[in-house]
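When the sequence shown is numbered by the numbering used here, its final residue is 1348 and no position is left out of the sequence of numbers.
Glycine included, C-beta positions come from ideal geometry on N, C-alpha and C.
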Amino acid sequence: MPQDAPAPGAAPTAEQLEPVKAAVRALLHQPEYDDGSAGPVLVRLAWHSAGTYCKETNTGGSNGAGMRYEKEGGDPANAGLQHARAFLEPVKSQFPFISYADLWTLAATVAVAEMGGPAVPWQGGRTDYADDAKVPPRGRLPDGAQGADHLRFIFYRMGFSDQEIVALSGAHNLGRCHGDRSGFEGKWVNNPTRFSNQYFKLLLKFEGEWKKTTLANGLQQFVYVDEDLAAGEEGEGEKEEGLMMLPTDMSLISDPKFRAWVEKYAADQDLFFRDFAAVFAKLLELGIQRDAQGRVANEENVEDGYRS
Ligand code: DDH
1041 MPQDAPAPGA
1051 APTAEQLEPV
1061 KAAVRALLHQ
1071 PEYDDGSAGP
1081 VLVRLAWHSA
1091 GTYCKETNTG
1101 GSNGAGMRYE
1111 KEGGDPANAG
1121 LQHARAFLEP
1131 VKSQFPFISY
1141 ADLWTLAATV
1151 AVAEMGGPAV
1161 PWQGGRTDYA
1171 DDAKVPPRGR
1181 LPDGAQGADH
1191 LRFIFYRMGF
1201 SDQEIVALSG
1211 AHNLGRCHGD
1221 RSGFEGKWVN
1231 NPTRFSNQYF
1241 KLLLKFEGEW
1251 KKTTLANGLQ
1261 QFVYVDEDLA
1271 AGEEGEGEKE
1281 EGLMMLPTDM
1291 SLISDPKFRA
1301 WVEKYAADQD
1311 LFFRDFAAVF
1321 AKLLELGIQR
1331 DAQGRVANEE
1341 NVEDGYRS
């Protein structure tokens, strides 16, 4: 039995995962892509793979890697995540023993840590569905155009509390919106490849200055443009693009229960990091039942995973 692959039926050990994590670390730097990092889109891939969970029916969640199938991968809510999956494809080829479902979730934890965020506890053992029979229906992911009621409807379905909703939303310290993916445009913070509590600070700092704008496609978002910076840089190549918030982001400061947590996380980065690590780990485990060996109890039709 080679030492670098798990025994049949067993989840990979920490030692076996080390080279996988190193390979993920090595691909994060992408000078030609977005803000130079694959990190943010990898985090979003893991979140969308897990965020389909419904606790009532115990369906959805990160097990299965359903996004490989059109039924889930073609959901407009998942537009753009093919880039994340493509970044990870060479890692899957190099380490075929890791399931896609494990790789996608593991990669997000590697990305968060590499971008300066907390260590997120992670357990392997997920298996990949062999067909799309168990892929959850579309429409389970949040719609950025909505408000606090929608956030509660979506995240309570997964079993999260108000505090957890706010902590999870802090992932918008990372990355950006793309007009050709979600239709929204721009980034939430100035350094979108550094994990921090800046998103919470900016929500509060520019309160009253966030301007509601309607994009050409009819979507509404909130923007803050530093007028001096924008004027100063005019005609000098790089245009100051300003910062943005989605309507859902703004609901975190207009809803008093959410707001209490925004204030706590803006004031205390350590608290945010601790709570984010815990809630992101919980997100990645939704719907996963493990046996004594840490293997994921799964249906029989596993084609690609630890039981193949
Ligand atoms: Fe998000 N997110 N997200 N988000 N998200 C977008 C980008 C990123 C919502 C909408 C959008 C979470 C919660 C919410 C990340 C992580 C997380 C975009 C832009 C939209 C729209 C997509 C695009 O155009 O490319 C809404 C609504 C919610 C909510 O209701 C709370 C959560 C919980 C996470 C998480 O990871 C825990 C990340 C990272 C990005 C940046 C992606 C990128 O490509 O860059």
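Is the closest heavy atom of ligand 1 to the C-beta of residue i under 7 Å?
i: serine 1089; result: no
i: leucine 1208; result: yes
i: glycine 1114; result: no
i: valine 1081; result: yes
i: glycine 1187; result: no
i: arginine 1356; result: Any property of residue 1356 remains undetermined from this structure, which presents the chain solely from 1041 to 1348.
i: isoleucine 1328; result: no
i: arginine 1192; result: no
i: alanine 1256; result: no
i: phenylalanine 1298; result: no
i: serine 1236; result: no
i: glycine 1106; result: no
i: proline 1161; result: no
i: aspartate 1074; result: yes
i: arginine 1221; result: yes
i: phenylalanine 1224; result: yes
Which residues in the same chain as residue i place their Cβ atom closer than 7 Å to its Cβ, once the five residues preceding and following it in sequence are excluded?
i: phenylalanine 1235; result: Val1152, Met1155, Gly1156, Gly1157, Asn1213, Leu1214
i: methionine 1290; result: Trp1250, Phe1262
i: glutamine 1134; result: Ala1063
i: glycine 1179; result: none
CB-CB under 8 Å to residue i, same chain, minus the five flanking residues each way: which ones, in chain order?
i: glutamine 1122; result: Gly1113
Quick one: residues in its chain with C-beta nearer than 6 Å to the C-beta of residue i, no 5 flanking neighbours on either side, listed in chain order?
i: alanine 1317; result: Pro1158, Val1160
i: valine 1081; result: His1123, Ala1124
i: phenylalanine 1313; result: Pro1158
i: leucine 1244; result: Ala1306
i: glutamate 1204; result: Val1319
Check whether the segment 1170 to 1180 touches the segment 1279 to 1292, taking contact to mean three or more Cβ pairs, one atom from each stretch, closer than 8 Å. no
Touch check for the segment 1216 to 1226 and the segment 1248 to 1257: three-plus C-beta pairs under 8 Å? yes
Count Cβ pairs between the segment 1126 to 1137 and the segment 1097 to 1107 that sit closer than 8 Å; are there 3 or more? no
At what residue ranges does the segment 1070 to 1104 contain a whole run of the alpha helix (DSSP H), taking only runs of 4 or more? 1079 to 1090
Give the list of continuous beta strand (DSSP E) stretches no shorter than 3 residues that lie fully inside the segment 1188 to 1212. none
If contact is defined by three or more beta carbon pairs under 8 Å, each pair taking one atom from either stretch, is the segment 1313 to 1324 in contact with the segment 1159 to 1168? yes
For the segment 1213 to 1275, which segments carrying the beta strand (DSSP E) assignment without a break, of at least 3 residues, lie completely within its bounds, in sequence order? 1251 to 1254, 1260 to 1264
Could you tell me whether the segment 1081 to 1089 touches the segment 1141 to 1150, where touching means 3 or more Cβ pairs closer than 8 Å? yes
Entirely enclosed alpha helix (DSSP H) segments - the segment 1096 to 1182, minimum 4 residues: 1110 to 1113, 1121 to 1134, 1140 to 1154
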